[in-house]
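Take the sequence shown: its position 92, counting from 1, is numbered 92 in my numbering, and each next residue is one higher.
We put the CB at the ideal spot given by N, CA and C, even for glycine.
Each remark here refers to the structure printed beneath this line.
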Amino acid sequence: MLKSRSGTQENYSFNSPVGYSKKPLIPPLINSSCQEKNEFHPNEIPKRNRLDTLPFEVRAKIANELSQFDCLNLLRTNKAMYMSTMPRLYQHIVIDENYSQFNKEISFKYYEKTVKNRPDYRKEHSCTFVKSSYNFRRLLTHYISLYETKFKYCEPSNIPTSSFPYIKTLKCLELPDSLNTYDHELNDQISDFFTTLVHLRELIWLNDNFRLEYLGSLPNTSSIQTLVLNIKFSNYLSELSSEPPEHSDSESISSVSSSKPLTFPNITNFQIRPFQNSTRLQRIINNLLVGENISQVSQNLRVLKIARFDKDVNVLVPPCGELVSANSDSLNELDLHTIRSLSESKLEYLSNLQVLSLNNCLLSPSDADLLLKSVNLKNLKTLELKNVSEYQRITQTTTEGIEDSFLTRICDHIGQLEHLALDFREAYTDTVWLFLSNLKSEALKSLDLILRYNSTKLEQFSMNGLYSCYAQSLVSGNKKETVTKLSIEIKQENQFCDLIIPLPSNKFYHELSQFKQLTALRINPNVSHDCHEVLQMVESLPKLKFLDVFGAQAGGAPNLGLGMVHPTIYDDWFKVQHVAIMYFHHNSQLKYIRINRCVFERKDEVIPRDGLDGWFSQLVRVGYNVDM
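Following this line, the structure appears as structure tokens:
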């Protein structure tokens, strides 16, 4: 028999509301069961966990999962949260005026490999974006002040990295336009800012205002692992340019820093542009990359990217008719020693190089032998040859004296290639399709191919014959089973420039339909004539998520954007959105489509997106990610 007191408790529980200020909802009341009865004490206040009582490492991990805006709110709560959140805000700085917090595709989370003997282990960290000139100047001023206050009476090396907001990664992708990069006060402030970067690991500066004196201000160059620079307007161009042999290279480069010469013993990723000529390239490698650590740098280097110009341009120098010549005088007018500069520099044999990129370079067939003596091509994961021209000198007026090309000579020495970007200029012959057909790599994931033809090639090939060779080379081997990212483009070389040609209606579409693993595709279709073939090809790709179509006919016939009520920034989007809708209807797996520079996202409806051009290019092309 139940006691009356127990009945009173049951009536009290059923008839008394809870969950308001006088009687808060207690979790044990909800989770109680018949097997385990929890006692209720109305006057007892339940325990609540506080974030600021958690260990520092746990609070730092929580801050690492938040965006920079949430972190700013979190650090204002109390001193403990301020101390654990500040390192997250400064550890990875990205300066980009094109960034928008509303573009959630651009993640603030990055990964870094922290253990050399465990390549599968990655540590996650978050970044902070700076997009306005005011915030950039505030970053410089505040961090310099913070650094001077903290280390006024002690050495920076004696302070644990967890207790101070060290900047470990600095990326300057695009400075705000309102900044005057020629302002002496600004440049002096940037130099002072570089003196505070004690634990800097990655320095990426793509804006063309970089000065070599900034490198001389770095207090700890041995911590640098990634160095990606644009030195177009450096004040010290004369120190790295062509000089008489009697000048000492080491003395000129060391003048950047009066205290010590530049040395980056632990560098693994080196990307530089523009090197302008082969003589200057050799000085850059000897004095900026290698320095006094020849063996260590050669052993550690994983990524090497060099570009002749500060931007990717379509200038064709020399014209196709001058790529083959019997006159030795023309040889002296061309800079053909890019590979030789690499081979004759202080760099030793690069046995561990994984990424090699040559941009706007002139080569000769014999350079293949020099490259094989300098780089272990069997270990390459990524090879980029962008707007690379091959020059051949023949001893007779006919084309029978043309040697085996550069590509033909290196093809058999490539074995583990995963990403390939190929834009290779030749005259009177074409060996690019032959290189693709004979490529032994069975793990190719990304292919960025530019098919070139000119008046000299048409003397040896017919257009249909050349297209057929390339189409068959695409599906040769097991490429159609392994490639997930494919970009194909056709260019006709005119006098000093390129003309973009759409894919022919009777070629490539059938071959592209066989790439069932494709997730990203970039093509130049002629939808006005080949609408059925294009849609049928897109429909046949079951895993396609990103489609990039470009060219004059990519958006259909020109129109005035009929139906728009008011002109907006999305005028160009509205003119081609009907084409995006058509592609989305024919492939339900598509998530994003870019038509020329107009990106569309598929949700419940087709949504025009702005500010995603760079992000989209990284997904559909090879070589657009500077972090690799």
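About 23 Å separates the beta carbons of Gln472 and Lys543, which is beyond the 8 Å limit, so they are not a contact pair. Just so you know, the alpha carbons of Pro525 and Ser345 end up roughly 45 Å apart.
In the structure shown, Val432 adopts helical secondary structure according to DSSP, grouped into three states. Inclusion of Glu202 and Asp96 in the CB contact set at 9 Å is not warranted, their separation being larger than that value. Between Ala421 and the set Arg621, His199, Val58, the nearest pair of CA atoms involves Arg621. Taking a 10 Å sphere around the C-beta of Met463, we find fewer than 16 other C-beta atoms and assign the residue as exposed. Closest by C-alpha distance to Glu105, out of Phe616, Tyr467, Ile569, is Phe616. Between Asn379 and Gln416, the beta carbon gap of about 7 Å places them in contact (Cβ cut-off 8 Å). Between Asn230 and Arg283, the gap from beta carbon to beta carbon reaches 9 Å or more. Pairing Glu442 with Leu383, the inter-Cα distance amounts to about 15 Å.
Scanning the stretch 451–536 from its first residue to its last, the whole beta strand (DSSP E) runs of 3-plus residues come out as 485–494, 497–501, 520–523. C-alpha of Ser126 to C-alpha of Asn64: approximately 6 Å in a straight line. A direct Cα-to-Cα measurement between Val579 and Tyr391 gives close to 42 Å. With contacts defined by Cβ atoms closer than 9 Å, Thr226 and Leu281 do not form a contacting pair. Excluding the 5 residues flanking it on each side, Leu353 has same chain C-beta neighbours closer than 8 Å at Leu301, Arg302, Val303, Leu304, Val375, Asn376, Asn379, Leu380, in chain order. Phe108 and Tyr467 have their C-alpha atoms roughly 43 Å apart. DSSP links Lys131 through a beta bridge to no other residue. The alpha-carbon separation between Gln460 and Gly551 amounts to approximately 28 Å. Taking 9 Å as the cut-off, the Cβ atoms of Ile167 and Leu200 count as close.
Considering only Phe56, Ser191, Arg597, Lys591, the residue with the shortest C-alpha distance to Trp573 is Arg597. Lys171 carries a strand assignment under DSSP once its states are collapsed to helix, strand and coil.
In this structure, Arg594 lies near Val549, with their beta-carbon atoms less than 9 Å apart.
Your pair Ser222 and Pro165 does not check out as a contact, with CB atoms roughly 21 Å apart and the cut at 8 Å. Boundaries of the beta strand (DSSP E) harbouring Phe546: 546–549, taken from the DSSP string. The Cβ neighbour count for Tyr90, taken over all protein chains shown within 10 Å, is at least 16; the residue is labelled buried.
Judged by DSSP secondary structure, His585 falls within the alpha helix (DSSP H) whose first and last residues are 571–586. From the listed residues Asp177, Ser178, Glu185, Leu206, the smallest Cα separation to Leu170 is found for Leu206. Closest in C-alpha terms to Ile267, from the list Lys457, Leu179, Asn220, Met582, comes Asn220. For the pair Leu447 and Leu486, the CB atoms are nearer than the 9 Å cut-off. 9 Å or more divides the Cβ of Thr482 from the Cβ of Lys440.
By the C-beta density criterion, Leu458 is exposed, having fewer than 16 other C-beta atoms within 10 angstroms.
By the criterion of a C-beta distance shorter than 6 Å, Glu292 is surrounded in its chain by Thr263, once the five residues flanking it on both sides are discounted. Boundaries for Arg602: no alpha helix (DSSP H) harbours it, while the beta strand (DSSP E) harbouring it runs 598–602, taken from the DSSP string. For Asn269, the pairing in a beta bridge is given by DSSP as Thr226, Val303. Residue pairing by DSSP puts Val355 in a beta bridge opposite Val303, Thr382.
Rounded to whole angstroms, Ala520 and Asn135 show a C-alpha spacing of 36 Å.
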